[in-house]
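Asker: Chains A and B are the protein sequences, given in the same order. Residue numbers 1 to 78, in my numbering, belong to the letters of the first sequence in order. Residue numbers 79 to 694, in my numbering, belong to the letters of the second sequence in order. Yeah, the Cβ is synthetic: ideal placement off N, Cα and C, and Gly gets one too.
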Amino acid sequence: MTLADLAPGRWGTVHSLRAQGILRQRLLDLGLVPGTPVQLQFVDRGGTLAAYYVRGAVLALRRSTAEQVLVSPQGELL
Amino acid sequence: MNFDCLIALAGNPNTGKSTIFNALTGLKQHTGNWPGKTVLLKEGSFRHQGCTCRVLDLPGTYSLTASSPEEEVARDFILSGQPDAVVVVADATCLERNLHLVLQVVQLTARVVLCVNLMDEARRRRLQLDLPKLEEELGIPVIPTTATTGEGLEALKDAAIRVALGQLRPRPTPVPQTAGEPATLLYRRAEEIASLVVRGQTRPGADLTARLDRLIISPTWGLFLMLALLAGVFWLTIVGAGYPSQLLAGILFQGESALGRLLQTLGVPAWLHDPLVLGMYRGLAWVISVMLPPMAIFFPLFTLLEDFGLLPRIAFNLDRFFQRSGAHGKQALTMAMGFGCNAAGIVAARIIDSPRERLVAILTNNFVPCNGRFPMLILMGTITASAVLPGPAGGLGAAAIVLAAMALGVLATFAASKLLTATVLRGEPSFFILELPPYRRPRVGTVLVRSFLDRTLAVLWRAVVVAAPCGLLTWVLANVSAGGSTLLARLAGWLNPLGRAMGLDGMILLGFILGLPANEIVVPIIFMGYLSAQALLEVQDLGAIQSILTANGWTWLTALNFLLFAIFHWPCATTLLTIKKEVGSLRWTLLSALLPTVFGLALCTLLTTIVKLWAM
């Protein structure tokens, strides 16, 4: 599954990135490296943009970008 | 001026880096365009223990991998060897994320000081930081600060200067090199250090920011709240500007008779007195009395909201519309900037890396009305509303009309962006990542001073510089006759057929044309034209304005068309020059003028035709 498949409030752990080039570099720089826990916090109407909690910051990604980040689900709702 | 050392400030965005910069340098700062760079850097200086230090504020970045122009600038500057020391500003509440940049900087230079800022925030969240341990792990000096209160600033200056002068030589601990991508390794090390240094963990979603965001960027309430907030700002601006405007006008027009007497005493002849006083001075007096009060209210309010952290939330709420228009998400930010000044919004479009999407943002910026056009919108809104609603309700009605006008500008921005991305600027959208930083209590004092100095005075000065010669020119056109009528009347006469078709008149169109240097002077020119040969009257109260307009054939339809054309016409001269400079092409600059003008022409003509058909 990818970040775009997370349900609101749910956590996932970054597994790997599909993105290449500058986008890959950018996502890594922002802390989305393998092993990072990520929580989906807010989704806009229509689900085209979502805000994730990543290492103490909140980052909003468009759906097409969120689909580039593969995650494995974490069960518990924190 | 001679400097003993040069210190560069680096850091992630939203760490209070600029607050540190302001606190270090005070008002001794300016913005410089460094050669060959598109990114503006702020520069300042301070003196500490007999040592004069130059400080350069590098762009806020998450990394130095040069994947954006800002990162490239920061990286190149650190690598150039010019800075004698680099101070990295980090957010104490989010240390792990910030350490990633720190670890990158120490790979480029050893002369680094780490400033752990926002210590008050960390204490409020009951985070305990073992800073001696952090110093030991990193091998560089670590100084805790709270920039807003000045805590730790002396120690920071001290450490930075000692490192810069070589009295203190940091020995950064190298990051263990194992297999894997560099970013992954650095974050591993950052996690490791943070786990040794930070005690106490904030739970995501429990703080004030998360609770506010649940409302402000909620799918149900977000847009509505944003509109309500904007309406409140406009209402405050309209209601608050009324009285000071009248007061200023009273004072300035009294100044006119004093000026007249002074010129008389000096023996200035009448042929020179009239253009100077009735043309130049009156034009100036009008612009200042009409413009200054709304700007002095709107700019600080806007800057307060900006400082609070609202702009990224606006971008969040509007992104789905920008996505649908094929535009970049950051265009929401450049558009918001355009409400202040379109030229500023166009310069701000540099934050968009993709050239195609940046061009879309530049070409459509003028679709939102800038501050210089507010007085026009407010005047038209007030005239229309007060005709229907008496008393205080009129103020609310006017705010509603101005808000509707702004909303129309935003909708037109989407439409124009869609038009461009579907035709001449087709292409794949680039990626867009938006950080939603924590809300912070606005620094009211700083905001008031900075918004007045950087925005209000700058914009007013520009208008004043332009208003004086334009007032003079208009007076000359209104007083030099050829073939029985004044030049102004003849020009207006030529434009009249087109003006009528748009539900305006020739004089209004002429006002917009002569007002090319600055939108602020459009209304004064039109009034001078209406009151031709007698120069600008003392038009202080709404009643006088309304009777002049009615006498010149205005109806509610004229006011409405005026409002539309005020939003949709060519950009002012400053904006056009800025566009030319930013895109470097005359063709795109012309298109940026043509696009809104065609929009305005079509909209006014359509509305007028419909109303005329309806009345038949």
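Determine the burial state of residue 288/B: buried for a count of at least 16 other Cβ atoms within 10 Å of its Cβ, exposed for fewer.
Answerer: The residue in question, residue 288/B, is buried, as its Cβ has 16 or more Cβ neighbours within 10 Å.
Asker: Would you say residue 66/A lies against chain B (beta-carbon separation less than 8 angstroms)?
Answerer: Answer no: the Cβ-Cβ gap between residue 66/A and chain B never drops below 8 angstroms.
Asker: Anything in chain B within Cβ reach of residue 57/A, meaning under 7 angstroms, just list it in chain order.
Answerer: Neighbours of residue 57/A on chain B, chain order: 172, 175, 513.
Asker: Residue 259/B touches chain A at which residues, Cβ-Cβ below 8 angstroms?
Answerer: Correct list: 28, 33.
Asker: Which residues in chain B have a C-beta closer than 7 angstroms to the C-beta of residue 25/A? List them in chain order.
Answerer: What residue 25/A touches in chain B: 143, 145.
Asker: Establish whether the CB of residue 48/A and some CB of chain B are separated by less than 8 angstroms.
Answerer: Closer than 8 angstroms: yes.
Asker: When the Cα atoms are used, what is the spatial distance from residue 253/B to residue 214/B?
Answerer: Taking the straight line joining both Cα atoms gives about 14 angstroms.
Asker: Helix, strand or coil, according to DSSP, for residue 114/B in the structure here?
Answerer: Here residue 114/B scores only 42 on pLDDT, less than 50, and its place in the model should not be relied on; the value that follows carries that caveat. Coil.
Asker: Would you say residue 4/A lies against chain B (beta-carbon separation less than 8 angstroms)?
Answerer: False, the Cβ-Cβ gap to chain B never drops below 8 angstroms.
Asker: Where does residue 232/B land, buried or exposed, given buried means 16+ other C-beta within 10 angstroms?
Answerer: Residue 232/B should be labelled exposed.
Asker: What are the residues that DSSP puts in a beta bridge with residue 279/B?
Answerer: Residue 279/B is not bridged to any residue.
Asker: Would you call the segment 241–248 of chain B in contact with the segment 271–284 of chain B, where contact means no fewer than 3 C-beta pairs closer than 8 angstroms?
Answerer: Judged by Cβ distances under 8 angstroms, the segment 241–248 of chain B makes no contact with the segment 271–284 of chain B, as fewer than three pairs qualify.
Asker: Chain B partners of residue 60/A, CB-CB under 9 angstroms?
Answerer: Per Cβ cutoff of 9 angstroms: 295, 390, 393, 394, 397, 407, 510, 511, 512, 513, 514.
Asker: Say yes only if the C-beta of residue 446/B is nearer than 7 angstroms to one or more non-hydrogen atoms of the ligand GTP, and no if none qualify.
Answerer: In the structure shown, the ligand GTP is absent, as is every other ligand, since no ligand is present at all.
Asker: Measure the C-alpha to C-alpha separation of residue 674/B and residue 445/B and round it to an integer number of angstroms.
Answerer: Between residue 674/B and residue 445/B, the C-alpha separation is close to 6 angstroms.
Asker: Is residue 70/A close to chain B, meaning its C-beta is less than 8 angstroms from at least one C-beta of that chain?
Answerer: Output row for residue 70/A: interface = no.
Asker: Quick one: list the residues of chain B neighbouring residue 7/A, beta-carbon separation under 8 angstroms, in chain order.
Answerer: By Cβ distance, chain B contributes nothing, its closest Cβ being about 14 angstroms from residue 7/A, past 8 angstroms.
Asker: Just tell me which of 365/B, 470/B, 129/B has its CA closest to the CA of residue 593/B.
Answerer: If we check each option's Cα against that of residue 593/B, 365/B comes out closest.
Asker: Identify the residues that DSSP records as bridge partners of residue 39/A: which are they?
Answerer: Partner(s): 11/A, 53/A.
Asker: Could you check whether the Cβ of residue 18/A sits closer than 8 angstroms to any Cβ belonging to chain D?
Answerer: The structure shown contains no chain D; the protein chains it does contain are A and B.
Asker: Taking the alpha-carbon of residue 505/B as reference, which of 434/B, 86/B, 470/B, 555/B has the nearest alpha-carbon?
Answerer: Of 434/B, 86/B, 470/B, 555/B, the residue nearest in Cα terms is 434/B.
Asker: Let me make sure I understand the geometry here. Which of 410/B, 464/B, 330/B has the alpha-carbon closest to that of residue 479/B?
Answerer: It is 464/B whose Cα lies nearest to the Cα of residue 479/B.
Asker: At a Cβ threshold of 8 angstroms, is residue 45/A touching chain B?
Answerer: At least one chain B Cβ lies under 8 angstroms of residue 45/A.
Asker: If the criterion is Cβ atoms closer than 8 angstroms, does the pair residue 447/B and residue 371/B meet it?
Answerer: For residue 447/B and residue 371/B, no; Cβs fall outside 8 angstroms.
Asker: What number of angstroms, rounded off, separates the C-alpha of residue 373/B from the C-alpha of residue 471/B?
Answerer: So the two alpha carbons sit approximately 23 angstroms from each other.
Asker: Which whole-angstrom value is the C-beta distance of residue 58/A and residue 38/A, which I expect to be below 8 angstroms?
Answerer: That belief does not hold up - the Cβ atoms of residue 58/A and residue 38/A are roughly 11 angstroms apart, past 8 angstroms.
Asker: Does residue 29/A pass the burial test, meaning 16 or more other C-beta atoms within 10 Å, or should it be called exposed?
Answerer: Buried: at least 16 other Cβ atoms inside 10 Å.
Asker: Can you check which of these residues, 452/B, 587/B, 623/B, is closest to residue 482/B by C-alpha distance?
Answerer: Minimum Cα distance to residue 482/B is reached at 452/B.
Asker: On the DSSP bridge assignment, give the partners of residue 194/B in chain order.
Answerer: According to DSSP, residue 194/B bridges with 168/B, 222/B.
Asker: Just the C-alpha distance for residue 153/B and residue 24/A, rounded to the nearest angstrom, thanks.
Answerer: So the two alpha carbons sit approximately 19 angstroms from each other.
Asker: Thinking C-beta only, is residue 138/B closer than 8 angstroms to residue 90/B?
Answerer: Yes, the Cβ-Cβ distance between residue 90/B and residue 138/B is below 8 angstroms.
Asker: Whole angstroms are fine: how far does the CA of residue 234/B sit from the CA of residue 155/B?
Answerer: Taking the straight line joining both Cα atoms gives about 21 angstroms.
Asker: What are the uninterrupted segments assigned as alpha helix (DSSP H) that are 4 or more residues long and contained completely in the segment 351–426 of chain B, given in chain order?
Answerer: 360–386, 389–402, 409–418, 420–426, all fully within the segment 351–426 of chain B.
Asker: In angstroms, rounded to a whole number, what distance separates the CA positions of residue 49/A and residue 43/A?
Answerer: Their backbone Cα atoms lie some 6 angstroms apart in a straight line.
Asker: Give me, in chain order, the residues of the same chain whose beta-carbon lies closer than 7 angstroms to that of residue 683/B; leave out the 5 immediate sequence neighbours on both sides.
Answerer: Excluding sequence neighbours, residue 683/B sits near 579, 580.
Asker: Under a three-way DSSP split, which group does residue 189/B fall into?
Answerer: Reduced to three states, the DSSP call for residue 189/B is coil.
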